[in-house]
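For reference, the structure is listed below as structure tokens.
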Amino acid sequence: MCFYTALHWVEYYACLKSVDISVYGGKSPHDCRRLYVRELAKELNSRTLRKAYEELEKESKKSRYLVDLSTDAIVHYKLNNLKVDKAFQNLQIISVLLSS
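Position one of the sequence shown corresponds to residue 196 (my numbering), numbered consecutively onward.
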């Protein structure tokens, strides 16, 4: 959930800046967006933007595809509340950086 909210923040920011994310040359929309975030992080001089986005994407894959999990996502995140808290912190980082 946090990753998709972050994804929409990135797309909204690109729209405000009249940037076409699809020109970033990725094989998929996710790849293009990831490349845009990397470039944007450089522009904004904010390594935390890139890190926050990548961490959210990684956790999204984990919860959706059960990557590196030996249990289901619900049990995993019930046992790992810190990861849930970190996801919301990462989302806050992205929303603050892209709302200014």
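Note that the Cβ used here is the ideal one computed from N, Cα and C, for glycine as well.
Being a predicted model, the structure only gives us computed values, none of them experimental.
Reduced DSSP secondary structure (H/G/I, E/B, other) of residue i
i: Ser290; result: helix
Closer than 7 Å: residue i CB and nearest the ligand FMN heavy atom
i: Ser223; result: The ligand FMN is absent from the structure shown, which contains no ligand whatsoever.
Exposed unless 16 or more other CB atoms sit within 10 angstroms - verdict on residue i
i: Arg259; result: exposed
i: Ser265; result: exposed
i: Ser242; result: The residue asked about is misnamed: residue 242 is Arg in this sequence, not Ser. Exposed, because fewer than 16 other Cβ atoms sit within 10 Å of the Cβ of Arg242.
query: Which whole runs of the beta strand (DSSP E) in the segment 206-275 are 3 residues long or more, in chain order?
result: none
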